[in-house]
């Protein structure tokens, strides 16, 4: 994508305001949410001995809110990072070229035909790193995971998952992802639970009756 910008002398002629606008909207609520929740529920409160004397419900609630401000911190940072890319033309491609996160356009023929042409509709899906509402409201663990850090997931899927035996794909991919984040034991403890979560979810979903369209019942989704 960077090379596409360097090779395109007219990239800055494309209007990107509509691609920046919705990112600013998410930034405007996610940053204050992060700061307010961080102030009200700092991570240090979970490290105190008194915290473990509280009820299970209280501890789960605080853990949820701490994890929420951690996500809001990432949301606000990524909105800024994506906006910087878009302002410089990185990730801007014709809609009909079917851009995808991390990869860019899937239809190179359409890209060559429509890029810089007057009247072309563009999008910035190639650098859209996350789908916030899918992360927060998706009915499945796997669906939420796929909406998070999509450009890195593209890299992991193509450089790791598709190159190893299928039976070990998820485990080895999460192992590489943990190492990519750092060598802290917490990364490995966190990422290596993903295969167990997806396995448990698949078993649970196989027991839930679906409608004629293959969708889960609303009651199960809400629960």
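In our numbering, the protein residues as written are 937 to 1159.
Built from N, CA and C at the ideal position, the CB exists for glycine as well.
Everything numeric in this text was worked out from a predicted model, so none of it was measured.
Shown here, residue 1012 sits in a helix according to DSSP, grouped into three states. Our two residues, residue 997 and residue 1036, have alpha carbons roughly 36 Å apart in a direct line. Residue environment analysis places residue 1027 among the buried positions, since at least 16 neighbouring C-beta atoms fall within 10 angstroms of its C-beta. A distance below 8 Å between beta-carbons, with the five flanking residues on each side excluded, links residue 1050 to the following residues of its chain, in chain order: 1030, 1032, 1033, 1056. Per DSSP, the continuous alpha helix (DSSP H) segment holding residue 1112 begins and ends at 1105-1117. Counting along the chain, no alpha helix (DSSP H) covers residue 1128, and no H or E run does either. By the criterion of at least three beta-carbon pairs nearer than 8 Å, the stretch 953-966 is not in contact with the stretch 982-995. Around the C-beta of residue 1135, fewer than 16 other C-beta atoms lie within 10 Å, and the residue is accordingly described as exposed. The bridge partners DSSP lists for residue 1029 are 1059. Just measuring C-alpha positions, the residue of 1008, 1147, 995, 949 sitting nearest residue 965 is 1008.
With a cutoff of 8 Å on beta-carbon distance, residue 1038 and residue 1091 are scored as near each other. In this structure residue 1102 is exposed. Its beta-carbon is surrounded by fewer than 16 other beta-carbon atoms within 10 angstroms. If you check the CB distance, residue 1023 and residue 952 come in under 8 Å.
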